[in-house]
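Scroll down for the structure; my scribbles are underneath it.
Protein chains: 2
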Amino acid sequence: MSSKIKIIDIAERTGLSTTTVSRVLTGKAKQYRIGKRSQQIIEEVAKELNYIPNHFAATLKSGKTNTISLIVPTLGNPFFANIASLINNEVRKLGYTLIISDSNEDIETEILEIQQLVSRNVEGFIIIPSGENFEHIEQIYSQGLPLVLLDRYFENSNLPYISTDNYQGAITATKYLIEHGHTSIACIQGVKSSTPNKMRIKGFKHAMQEEGLTNIHVIGDDFSVQNGYQETKLLLRWKERPTAIFALSNTITMGCLKALKEENIKVPDDISIITFDDHLYLDFLETPITCIAQPVEHICKIGLKYLFSKLNNELELITDHVMLRPDLKIRNSVKKMS
Amino acid sequence: MSSKIKIIDIAERTGLSTTTVSRVLTGKAKQYRIGKRSQQIIEEVAKELNYIPNHFAATLKSGKTNTISLIVPTLGNPFFANIASLINNEVRKLGYTLIISDSNEDIETEILEIQQLVSRNVEGFIIIPSGENFEHIEQIYSQGLPLVLLDRYFENSNLPYISTDNYQGAITATKYLIEHGHTSIACIQGVKSSTPNKMRIKGFKHAMQEEGLTNIHVIGDDFSVQNGYQETKLLLRWKERPTAIFALSNTITMGCLKALKEENIKVPDDISIITFDDHLYLDFLETPITCIAQPVEHICKIGLKYLFSKLNNELELITDHVMLRPDLKIRNSVKKMS
DNA sequence: AATATTTGAACAAACGTTTGTTCAAATGAA
DNA sequence: TTCATTTGAACAAACGTTTGTTCAAATATT
Chain P
155 MSSKIKIIDI AERTGLSTTT VSRVLTGKAK QYRIGKRSQQ IIEEVAKELN
205 YIPNHFAATL KSGKTNTISL IVPTLGNPFF ANIASLINNE VRKLGYTLII
255 SDSNEDIETE ILEIQQLVSR NVEGFIIIPS GENFEHIEQI YSQGLPLVLL
305 DRYFENSNLP YISTDNYQGA ITATKYLIEH GHTSIACIQG VKSSTPNKMR
355 IKGFKHAMQE EGLTNIHVIG DDFSVQNGYQ ETKLLLRWKE RPTAIFALSN
405 TITMGCLKAL KEENIKVPDD ISIITFDDHL YLDFLETPIT CIAQPVEHIC
455 KIGLKYLFSK LNNELELITD HVMLRPDLKI RNSVKKMS
Chain G
155 MSSKIKIIDI AERTGLSTTT VSRVLTGKAK QYRIGKRSQQ IIEEVAKELN
205 YIPNHFAATL KSGKTNTISL IVPTLGNPFF ANIASLINNE VRKLGYTLII
255 SDSNEDIETE ILEIQQLVSR NVEGFIIIPS GENFEHIEQI YSQGLPLVLL
305 DRYFENSNLP YISTDNYQGA ITATKYLIEH GHTSIACIQG VKSSTPNKMR
355 IKGFKHAMQE EGLTNIHVIG DDFSVQNGYQ ETKLLLRWKE RPTAIFALSN
405 TITMGCLKAL KEENIKVPDD ISIITFDDHL YLDFLETPIT CIAQPVEHIC
455 KIGLKYLFSK LNNELELITD HVMLRPDLKI RNSVKKMS
């Protein structure tokens, strides 16, 4: 580790003070009336020595990090990875640095992660939470840290969020199935405690009941391929096999397809599928899958807009709770029953 | 922003010095013979006040961050997102923090990103580089920063890397096509300057020539869906249409499939496909796609092992350049020509 | 009882910046 | 020439930890 170049090295080299060097290098030359010549020579020497400022010293003194953080449940899920990529690009454009964290769908890890980020003086948080607890989030929020939840949120908390109207989305999906003559529908859910899941289940049940359907099946308990696979395997053994599956995420659908393939059940001839979340590949599958697509780009953009307006203390009256309408994308995975 | 709790607050509350508090809170109590009672009361008060150490102050003094960083070209590509997720979990187990950065496939961003990370005293780098330049990487490497490249590397540099044997992989794929009677093969490549791409092209050409095939088509220039789509659209207009496509990444394949679907060309009846990179969905496509699968988990694990042995100054004689064998996963996208 | 050793904890100096304030020199005005 | 103003830059005190060293009290040894 070659001994690093410090401001004082530049000061000595140029015969100027650390104060002056610091002010030039942080772009405050005009403000403090540093001479043109001094500016120039400082910049030259800094470049020549390949000076990289010590972020820790700077932050310790100034308190400013220009950094915000994004916590996602797992980057293994393309839905979240995609969000991470989108947000990363936007944040950079705004002159901030983004620290991306993967909480591994584990609340303890999430809590730890938040602690570390706070101790790193992160100035704002974008969180897709991993559990049903939110005390740790409310704690930092109440300390005044700008913060916004994406996708997942909490009903009995008023932490700000941008999400999809999962309730409506589920109703749309369910009604679509019912309109196509399906009355026996198995809904494979994700993490029971997560709000999106709750809302989707609520929408599903509501739509079923409204149509007078009482035979309601909700199964499963995880947004994973594994869960989709297992539950599908099981439901194929029911004495009265459902005619349609409503999968509550793209990962669950992936598992469904795996199980169906193994059992040689054809979509949509033998069973129909509709899923939450869109993805490019859904269009190229053996049977393109009809889905409820979330407006991911919008969620990200609005989330960032919200966060930065907080960050800049803009007092615009933006609502703290935003629900965006999902889209029904009709493809070929739902059969019209006669 | 409520004024944060500092070590001195705990010191005052407990009647002890900041020195003692610091030593207890960083687990050096035994080493410095702090009394049991003192330890206990300090820990109690720290918890009670919800003390979060100021990472910047600590690092500034100690120089230790326990942080390593991962730079990927884009999290939008599941291949990289997957790597990020895998590495994140492993790193955490090792008691380190991982900062994940997305360079957006842009070398300037990558350079900036590395600068920021260096100024954050990151102790090690895992990089999947985005361009053909590597001076900036060699610079930090020569400063003694532990570093390893994953997947992509540079031929005329001896930066350490863990990668797939892309040359062999391409030969395997090409021979597989040739064995199935294909002689007119279009190879859709990714970023020309990237080493994996170069090696794959080299393998492709080598295998073709070895079989006496001189009609070699290499087209395209990006690891993107867009590129796969456009090039496929174009090649379908050739007067002599190739009987097989060798796509050099999963994203390119995605674009291929989109184009083929639009033109109503069936795989493998009308055209065969083989691709680099495996993914769960490849199995569920209309035609499951035969692929050259990279040993991603191994790449990550070996990469981390390498990095941490450097980090801990273990002088084990580990090679700096590791090439792992890819696997041919045979599915249904290649037709036997008669 | 006198000396040596152990135990427990504090002093004070870093770490590399940023920043409110002061100060001298140069310039302009009268 | 004298006083006021502008210009350019330095002083020195933070920021919140960590850590080499010192020191007093308590205990053990002779």
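First to last, the protein sequences are chains P and G. Here the first sequence is numbered in this note's numbering, starting from 155 and rising by one per residue. Here the second sequence is numbered in this note's numbering, starting from 155 and rising by one per residue. By construction, the Cβ of each residue, glycine as well, lies at the ideal position given by its N, Cα and C atoms. A quick note: this is a predicted structure, and the numbers were derived from the prediction, not measured.
Check whether chain P comes within 8 Å of residue i, counting only Cβ atoms and requiring the distance to be less than that.
i	result
G/K415	yes
G/R494	Missing from the structure shown is residue 494 of chain G; chain G here goes from 155 to 492 and no further.
G/S239	yes
G/P350	no
G/M362	no
G/I206	yes
G/Q270	yes
G/I428	no
G/V199	no
G/I254	yes
G/Y435	yes
G/E440	yes
G/N418	no
G/T473	no
Would residue i count as contacting chain G if we go by Cβ distances under 8 Å?
i	result
P/S156	Low local confidence applies: a pLDDT of 44 at P/S156 is under 50, so the model's placement there is unreliable, with the coordinate-based value given in what follows. Judged by the 8 Å Cβ criterion, P/S156 is in contact with chain G.
P/P232	yes
P/L107	Here chain P has residues from 155 to 492 only, and residue 107 of chain P is not among them.
P/T251	yes
P/N258	yes
P/M477	no
P/H209	yes
P/A235	yes
P/L229	yes
P/T213	yes
P/L390	no
P/L411	yes
P/M491	no
P/V488	no
Could you pull the DSSP bridge partners for residue i from this structure?
i	result
P/A447	P/D481
P/L439	G/L439
P/T429	P/A401, P/C445
P/H475	P/Y315
G/I339	G/A398
P/G189	DSSP output for P/G189 lists no bridge partner at all.
G/G181	According to DSSP, which records beta bridges pairwise, G/G181 is partnered with nothing at all.
CB residue i to CB residue j, shorter than 8 Å?
i	j	result
G/S338	G/I428	no
P/I253	P/V276	yes
G/I243	P/N208	This sequence places Asn at residue 243 of chain G; Ile is not what is there. No; because the gap between Cβ atoms is not below 8 Å, this pair is not in contact.
G/M477	P/Y435	no
G/S311	G/P350	no
P/A401	P/I342	yes
P/I164	P/V175	yes
P/L266	P/C454	no
G/Q269	G/R479	no
P/C445	P/F430	yes
G/K489	G/S403	no
P/F438	G/K247	no
G/I406	G/A340	no
G/S493	G/L303	In the structure as shown, chain G starts at 155 and stops at 492, and residue 493 of chain G therefore has no counterpart that could be examined.
P/P442	P/R485	yes
G/H336	G/T251	no
P/N381	P/M353	no
Original post:
Do the stretch 324–336 of chain P and the stretch 351–361 of chain P touch if we need at least three Cβ pairs shorter than 8 Å?
Top reply: With the cut-off at 8 Å, the stretch 324–336 of chain P and the stretch 351–361 of chain P touch.
**OP:** Ignoring anything shorter than 3 residues or poking outside the stretch 280–333 of chain P, list the beta strand (DSSP E) runs there in chain order.
**Re:** Runs of the beta strand (DSSP E) inside the stretch 280–333 of chain P: 301–304, 315–318.
**OP:** Starting from the N-terminal side, write out each stretch of the beta strand (DSSP E) that is 3 residues or longer and does not extend beyond the stretch 343–422 of chain G.
**Re:** List check, beta strand (DSSP E) in window: 371–373, 398–401.
Original post:
What are the complete alpha helix (DSSP H) segments, minimum 4 residues, inside the stretch 202–258 of chain P?
Top reply: Runs of the alpha helix (DSSP H) inside the stretch 202–258 of chain P: 209–216, 232–247.
Subject >> Given 8 Å, three or more beta-carbon pairs between the stretch 373–384 of chain P and the stretch 339–347 of chain P >> reply: The stretch 373–384 of chain P vs the stretch 339–347 of chain P: in contact.
Subject >> Contact the stretch 222–239 of chain G vs the stretch 210–230 of chain P: 3+ CB pairs below 8 Å >> reply: Pairwise C-beta distances place the stretch 222–239 of chain G in contact with the stretch 210–230 of chain P, as three or more of them are shorter than 8 Å.
**OP:** Examine the Cβ distances between the stretch 277–285 of chain G and the stretch 197–208 of chain G and report whether three or more of them are shorter than 8 Å.
**Re:** Counting Cβ pairs under 8 Å, fewer than three are found: no touch.
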